[in-house]
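Residue numbers (UniProt numbering): 1 to 78. This report concerns only the one structure given below.
In structure tokens, the structure reads:
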């Protein structure tokens, strides 16, 4: 089973699109795009994704990617 990374459509438009595109290059991740992830307050102020259901954020798309990989290292699925 691969880690699931979920992105909000509104947050993609706010700048996390580059992070999603970078993560899509990794064949070991499942990337899913939703219309809304019900984090509207946070969505309006920072870039984020849900990683296996957990909120991970970053100030830039590069930082978001880095934080997602750090989260995955610190929280293995098995």
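All residues carry an ideal CB built from backbone N, CA and C; glycine is no exception.
Name the DSSP bridge partner or partners of residue i?
{"i": "residue 49", "result": "56"}
{"i": "residue 69", "result": "Residue 69 pairs with nothing; no bridge assigned."}
{"i": "residue 63", "result": "Bridge partners of residue 63: none, in fact."}
Helix, strand or coil, according to DSSP, for residue i in the structure here?
{"i": "residue 74", "result": "helix"}
{"i": "residue 24", "result": "coil"}
{"i": "residue 40", "result": "helix"}
Checking 7 Å against the spacing of the C-beta atoms, do residue i and residue j come in under that value?
{"i": "residue 16", "j": "residue 47", "result": "yes"}
{"i": "residue 51", "j": "residue 22", "result": "no"}
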